[in-house]
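Enquirer: Dumping the structure here so I can ask a few things about it.
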């Protein structure tokens, strides 16, 4: 009521000034000026409210028209062949498409997904998962794919991937030549020097001959199709920045190497043997790994080493693997002290044994994950990492010798008792227990805190859609 009265008083004050209207006198065939004192007019609150409502309606219709125009442009874009730049001399652009309304769409995206509006529940499915609530309830998500880049949380929240570039449509699942990849393949897309938002024309299984060496500012977006990277080499993110990998199945990755592999349009080089990780992050920053399903690789499912930092690993589903996640190169590699990793809303499921994660130097926020299976331990570490475990659900296995969530690797009690490891609000089930340590340095835990933890009682709902989802175009995901 106070706000409405202020608006009315403001309008009355504005109308209290003298006004003139220029109009066309048809009889005299000339312009004339009509002057009057608006203060003499009777201005009622109902009249002012009507004017305000009319102005708001006009603004809404203007924004709506702009949005419709953007959507029509996107439909037109997708109705054409993936190659709409045939006249270009750059072969990479043959599978990239412009979005002429991108600036307007990004402004709209920023308004929709601003922190304040998300806090108010605007445009929210109210699942409690802030990443999913940011984009999933939009039935036209396929027209607003790049909105995803505004939904990241945690230490990797500034990873924008290929948001500021063109779309690239992968139409060919082959990987015949790692040195000279064919346009339309995933390898050809990820090595480009320009930002790209990479999508897939159809369901496909991609068997890579050699590591998929990515370039900076790329998004791999598997929503709307069923994409598997499997039974060969997998993904390497090395000495680059700003990568998003979303909605992909990654499994049965094998060691490859001792071969030439291209890493950019202008460079290829000799690669020694790779370990066979699902995703290897090496000296990289601003990385977001979200809503993927990972299992059964030769080494780790996700490894981050060599001073990698600003990483978020969220909403993934991990199954059937021994050493799930390694964060840190070695106990002697002190440059990893800068590492900050958020592990949030993941489901650590059946067939897992250890390292969820295994940390060395650095700061690790393990928040609102669901641990339903492990055979040895869930969280391990060495070399004095700071581990902040908040709001997780730990369900211990039936083995009475494997109830402990934590493991200090090859370190004596006298050393690890000073490490800052804490459990705060975790739900410990079936005899699970977490051994905390350290003096609880506020500064240390501040560097290992990246988002607000929710109650562990909500973990089931927060992680219910973990892994690659079966999204279909035209429907809410």
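In the numbering used here, the protein residues as written are 700 to 1176.
Using N, Cα and C, we set each Cβ at its ideal position, and we do this for glycine too.
1) Note down the Cα distance separating residue 1012 from residue 990, rounded to an integer number of angstroms.
2) Have a look at residue 986 and residue 1010 and give me their C-alpha separation to the nearest angstrom.
3) What does the Cβ neighbour count give for residue 1138, buried or exposed, with the cut at 16 atoms within 10 Å?
4) So, for residue 814: in the same chain, excluding its five sequence neighbours on each side, which residues have a beta-carbon less than 6 Å away from its beta-carbon?
5) How is residue 1066 classed by DSSP in three states: helix, strand or coil?
6) Where does residue 871 sit, in a helix, a strand or coil, going by DSSP?
7) Spatial neighbours of residue 855 within its chain, please: C-beta separation below 7 Å, excluding the five flanking residues on both sides.
8) Tell me whether the beta-carbon of residue 959 lies closer than 9 Å to the beta-carbon of residue 981.
9) Just to check my reading of the structure: residue 905 and residue 874 have Cβ atoms closer than 8 Å, yes? What is that Cβ distance to the nearest angstrom?
10) Starting from the C-beta of residue 940, find all residues in its chain whose C-beta is less than 7 Å away, skip the five residues before and the five after it, and write them out in chain order.
11) Under 6 Å Cβ to Cβ from residue 955, same chain only, skipping five residues before and after it: list those, please.
12) So, for residue 743: in the same chain, excluding its five sequence neighbours on each side, which residues have a beta-carbon less than 8 Å away from its beta-carbon?
13) Between which two residues does the alpha helix (DSSP H) harbouring residue 1144 extend?
14) Report the CB separation of residue 1096 from residue 1120 in whole angstroms; it is logged as a contact under 8 Å.
15) If you run the structure through DSSP and keep just helix, strand and coil, what is residue 989?
16) So, residue 1061 versus residue 1154, is the Cβ gap smaller than 9 Å?
17) Considering residue 969, what are the terminal residues of the beta strand (DSSP E) in which it resides?
18) At the level of alpha carbons, what is the spacing between residue 889 and residue 999?
19) By the three-class DSSP mapping on this structure, what secondary structure does residue 904 have?
20) By Cβ distance, which residues of its chain are closer than 7 Å to residue 1134, with the 5 residues on each side in sequence left out?
21) Would you kindly check if the distance between the Cβ of residue 1125 and the Cβ of residue 1088 is under 9 Å?
22) Could you give the residue range of the alpha helix (DSSP H) that holds residue 886?
23) Please state if the CB of residue 1077 and the CB of residue 1027 are separated by a distance shorter than 9 Å.
24) Among the residues of its own chain, which have a CB less than 7 Å from the CB of residue 971, if the five just before and after it don't count?
25) How far does the beta strand (DSSP E) with residue 919 in it extend, from its first residue to its last?
26) Along the chain, where does the beta strand (DSSP E) containing residue 1002 start, and where does it finish?
27) As a quick exercise: from 968, 1017, 979, pick the residue whose alpha carbon is nearest that of residue 992.
28) Quick one: Cα of residue 835 to Cα of residue 841, how far?
29) On the DSSP letters alone, give me the boundaries of the beta strand (DSSP E) that residue 1043 sits inside.
30) In this structure, does DSSP put residue 1034 in helix, strand or coil?
31) Give me, in chain order, the residues of the same chain whose beta-carbon lies closer than 7 Å to that of residue 746; leave out the 5 immediate sequence neighbours on both sides.
32) Please check the pair residue 919 and residue 936, which I expect to be a contact at CB under 8 Å, by giving their CB distance rounded to whole angstroms.
33) Once you ignore the five residues that flank residue 1144 on each side, which residues in its own chain have a CB closer than 8 Å to its CB?
Expert: A quick look at the data gives this:
1) A straight line joining the alpha-carbon of residue 1012 with that of residue 990 spans about 9 Å.
2) The straight-line gap from Cα to Cα measures roughly 5 Å.
3) By the neighbour-count definition (other C-beta atoms within 10 Å, threshold 16), residue 1138 is an exposed residue.
4) Because the pLDDT at residue 814 is just 40, under 50, the model does not fix this residue reliably, and the value given afterwards should be weighed accordingly. For residue 814, where only same-chain residues beyond five positions count, there are no Cβ hits under 6 Å.
5) DSSP places residue 1066 in the strand class (E or B) of the three-state scheme.
6) Here residue 871 sits in strand by DSSP.
7) Shown here for residue 855: same chain residues with a beta carbon closer than 7 Å to its own, the five before and five after excluded, namely 985, 986, 987, 1009, 1010, 1011, 1041 in chain order.
8) Result no, Cβ atoms of residue 959 and residue 981 do not sit closer than 9 Å.
9) The C-beta distance from residue 905 to residue 874 rounds to 7 Å, short enough to fall under 8 Å.
10) If we look at residue 940 and ignore the five residues flanking it on each side, its Cβ neighbours are 915, 983, 984, 985.
11) 909, 932, 973.
12) At residue 743, the pLDDT of 48 sits below 50, so the modelled position is not reliable and the matter cannot be decided from this model.
13) According to the DSSP assignment, residue 1144 belongs to the alpha helix (DSSP H) that extends over 1141-1146.
14) Not really, about 21 Å apart at Cβ, beyond 8 Å.
15) DSSP, read as helix, strand or coil, puts residue 989 in strand.
16) Contact: no.
17) 966-970 is the extent of the beta strand (DSSP E) around residue 969.
18) Residue 889 and residue 999: Cα-Cα distance of roughly 22 Å.
19) In this structure, residue 904 counts as strand in the three-state DSSP scheme.
20) Taken in chain order, the residues that qualify are 1103, 1105.
21) For residue 1088 and residue 1125, yes; Cβs fall inside 9 Å.
22) DSSP places residue 886 inside the alpha helix (DSSP H), whose first and last residues are 885-889.
23) No. Outside cutoff.
24) So the qualifying residues of the chain are 956, 957.
25) From DSSP, the beta strand (DSSP E) with residue 919 extends over 917-920.
26) Boundaries of the beta strand (DSSP E) around residue 1002: 1001-1004.
27) Nearest to residue 992 by C-alpha distance, out of 968, 1017, 979, is 1017.
28) Separation of residue 835 and residue 841 (C-alpha to C-alpha, rounded to the nearest whole angstrom) is 10 Å.
29) Per DSSP, residue 1043 belongs to the beta strand (DSSP E) from 1039-1043.
30) Look at residue 1034 here: in three-state DSSP terms it is helix.
31) With a pLDDT of only 47 at residue 746, under 50, the local geometry of the prediction cannot be trusted, and the value read off the model is given with reservation. Here the set comprises nothing.
32) At roughly 11 Å, the Cβ-Cβ gap does not stay under 8 Å, so residue 919 and residue 936 are not in contact.
33) Same-chain partners within the cutoff: 1085, 1087, 1119, 1121.
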